[in-house]
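So the structure is just underneath, and the comments pick up after that.
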Amino acid sequence: MDVGRVVGRARQVVSVLASPALRAAALGGSPVDDRTRAAIDSFDWLTDEGPDVSVLGRTSRGLQRLQSPAAVLEFDRIERMPVKDVERHALSVRIVELVFERLGPDRAVPEPVLNAAVGMFATDVSVVRRDAVDLGVLTRTDDGSVYRMVRRLA
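Letter 31 of the sequence shown, counting from 1, is numbered 607 in the working numbering, and no numbers are missing.
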């Protein structure tokens, strides 16, 4: 499943339903300006005969998968972390939070286990781990072999 395409198509459908001009152009055959026509023509789920039920059906099934407990299986690992510190830091922190939600927030985690868990989300494990330590989200033993999540106030 192409998650971006599924979500993008769903956003298009919602936009059509929310906009009187787009709705009229897509469903009512009303005269439209060039900008609206260009928008309507770019939708792969809308033909001259109306909505393509097959495409919308696949989109619906894709959205249902994204709402299931198995949704995480539909996403690829993060291949490249953001270059900007503020973006990378936020992503690193979120990855570490997810890892410790699953492993247990109070658990002492050996580095190989942490690496494997972070590796499920991102390929650059050392950057995520280093950001989390530098930001005070994780502590580690002096020899760097064991990590703990720092309790954070809600």
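Backbone N, C-alpha and C fix where the C-beta goes; we use that ideal spot for every residue, glycine too.
Remember, it's a predicted structure, so these values are computed and weren't measured experimentally.
Straight-line spacing of the CA atoms in Met696 and Arg653 works out to 7 angstroms. Ala586 is positioned such that its CB atom lies no closer than 9 angstroms to that of Leu598.
With respect to Val722, Glu687 sits close: the two C-beta atoms are nearer than 9 angstroms. Of all alpha-carbon atoms in Arg706, Gly633, Ala692, Leu642, the one lying nearest the alpha-carbon of Asp661 is that of Arg706.
Excluding five sequence positions before and after Ser606, the CB atoms of its chain that fall closer than 7 angstroms to its own CB belong to Ala600, given in chain order. Between the stretch 577 to 585 and the stretch 620 to 635, the count of C-beta pairs closer than 8 angstroms reaches three or more; the two stretches touch. With at least 16 other beta carbons inside 10 angstroms of its own, Phe676 counts as buried. Counted as a single uninterrupted DSSP element, the stretch harbouring Leu603 is not any beta strand (DSSP E), since DSSP gives it neither H nor E. With 16 or more other Cβ atoms inside 10 Å of its own Cβ, Leu714 counts as buried.
Secondary structure note for Val704: its alpha helix (DSSP H) is the uninterrupted segment 701 to 710.
The alpha-carbon of Val704 is positioned some 38 angstroms away from that of Ser618. A buried status is given to Gly638, since no fewer than 16 other beta-carbon atoms sit within 10 Å of its beta-carbon. Contact between Val701 and Val694 holds: their C-beta atoms lie close to 5 angstroms from each other, under 8 angstroms. About 6 angstroms separates the beta carbon of Arg641 from that of Glu650, a gap short enough to meet the 8 angstroms contact definition.
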